[in-house]
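A.B. asks:
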Amino acid sequence: MRLEELLDISINRLVDDSTGTPYVHLTDDWKPTTSNRSSYGHDIKLSWLLTTAAEALGYPSDLKLKALHWRLVDHVLRDGFN
Numbered sequence: 196m197r198l199e200e201l202l203d204i205s206i207n208r209l210v211d212d213s214t215g216t217p218y219v220h221l222t223d224d225w226k227p228t229t230s231n232r233s234s235y236g237h238d239i240k241l242s243w244l245l246t247t248a249a250e251a252l253g254y255p256s257d258l259k260l261k262a263l264h265w266r267l268v269d270h271v272l273r274d275g276f277n
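When the letters of the sequence shown are read in order and numbered with the working numbering, they come out as residues 196 to 277.
#1: I want to know whether the segment 259-266 touches the segment 225-240 - three or more CB-CB distances under 8 Å.
#2: With the cut-off set at 7 Å, would you say residue 206 and residue 261 are in Cβ contact?
#3: Within 10 angstroms of its Cβ, does residue 210 collect 16 or more other Cβ (buried), or is it exposed?
#4: Just curious, the alpha helix (DSSP H) that residue 211 is in, first and last residue?
#5: Using CA atoms only, rank isn't needed, just tell me which of 272, 246, 269 and 252 is closest to residue 196.
#6: Measure the alpha-carbon distance for residue 215 versus residue 249 and round it to whole angstroms.
#7: Please list the terminal residues of the continuous alpha helix (DSSP H) segment that includes residue 242.
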């Protein structure tokens with residue numbers, strides 16, 4: 196199913212584990228490029244969309260997904276306010 200594939204890509208390739216920021220640009224083989232800027236509104240929406248996708252697929256308690264969700268949220272709360 197395409198949603199499952201997109202969720203897998205998002206969980207495993209889309210977010211920098213060390214900072215919690217999504218990669219803006221990726222190569223054709225899913226490797227991040229050197230530029231990585233954040234858009235806090237998109238970042239927080241990504242956390243919500245990933246959670247909603249997991250619920251639609253029937254596995255909202257996936258630990259890897261929850262960890263990714265909180266890394267995104269923490270990043271936005273830490274860096275997105277001024």
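Beta carbons are placed, not taken as given, at the ideal position from N, Cα and C, and that holds for glycine. For clarity, every value in this text was computed on a predicted model and none was experimentally measured.
C.D. replies: The relevant details are as follows:
#1: no
#2: no
#3: buried
#4: Premise fails: residue 211 is in no alpha helix (DSSP H) and is neither H nor E.
#5: 252
#6: Approximately 19 Å between the Cα atoms of the pair.
#7: 235-252
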